[in-house]
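Take the sequence shown: its letters are residues 14 to 144, numbered as in the working numbering.
By construction, the Cβ of each residue, glycine as well, lies at the ideal position given by its N, Cα and C atoms.
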Amino acid sequence: MAKRKKAAPVVEQVEPYIDGVAKSLVDRLYGPDGPPWGTKMTELEDVVLAVREALSEKMLAQALGRQAETAEHRPEPFQPCPGCQRRVESRPDPEPRDVQTRAGIATWDEPHCYCRKCRQAFFPSEPEPGH
């Protein structure tokens, strides 16, 4: 019998909610009787993997977008220029950002800063200017 991998503590906290979301998705995708008889396991897996990818990308976008909205209140280690450690200027318009991650493509509008001394624009979440 296959053993289920133990969930991370942060996931365990929302496990009951995930159960409800899974039930709701199965209801919406297949109705109250589940998938039709004769549906192949690979077909079910394809749907589950597509839902997982969509959910992963939506969660990444939500989490990163929310973090970006708090850029003015970021912790001290993320405030100065990573090059010269001087105060930076926040730019008014965030830039769209797409990053390929292990969980899919992460897309969000990221604020950026500018250091007059270094003449570098950078994203506060990056460790070095220009990355």
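### Message
Which residue marks the beginning of the alpha helix (DSSP H) containing T55, and which one marks its end?
### Response
Against the sequence shown, residue 55 aligns to sequence position 42. First-last of the alpha helix (DSSP H) with T55: M54 to E82.
### V112 versus K71 - alpha carbon distance
By one-based count along the sequence shown, residue 112 stands at place 99. By one-based count along the sequence shown, residue 71 stands at place 58. Cα to Cα, the separation comes out at about 13 angstroms.
#### Entry: Those runs of the alpha helix (DSSP H) which lie wholly inside the segment 25–49 and span at least 4 residues
28–43
### Message
Please state whether the Cβ-Cβ distance between C97 and K130 is less than 9 angstroms.
### Response
For the purposes of this step, residue 97 is identified with residue 84 of the sequence shown, where counting begins at 1. For the purposes of this step, residue 130 is identified with residue 117 of the sequence shown, where counting begins at 1. Contact: yes.
### Query
Among residues of its own chain, excluding the 5 on either side of L57, which ones have a beta-carbon nearer than 7 angstroms to its beta-carbon?
Here residue 57 refers to the residue found at position 44 when the sequence shown is read from its first residue. P48, listed in sequence order.
### Query
Are the segment 76–89 and the segment 29–39 touching by the rule of at least three beta carbon pairs closer than 8 angstroms?
no
### Cα-Cα separation between A119 and L73, rounded to whole angstroms
Residue mapping note: residue 119 aligns to position 106 of the sequence shown, counting from 1. Residue mapping note: residue 73 aligns to position 60 of the sequence shown, counting from 1. For A119 and L73, the distance between alpha carbons rounds to 6 angstroms.
### Task
Under 8 angstroms by Cβ, that's how I've got E85 and S103 pegged, so tell me the actual separation to the nearest angstrom.
As a position in the sequence shown, residue 85 is number 72, starting the count at 1. As a position in the sequence shown, residue 103 is number 90, starting the count at 1. That pair is a contact at about 7 angstroms.
### Query
Residue range of the beta strand (DSSP E) that A119 falls in?
What you label residue 119 is simply residue 106 of the sequence shown in a count that begins at 1. Note, A119: beta strand (DSSP E), G117 to E123.
### Query
When the Cα atoms are used, what is the spatial distance from T94 to C128?
Taking the first residue of the sequence shown as position 1, residue 94 is located at position 81. Taking the first residue of the sequence shown as position 1, residue 128 is located at position 115. According to the sequence provided, residue 94 is Cys. The question's Thr does not apply to it. Going by the C-alpha atoms only, they are around 6 angstroms apart.
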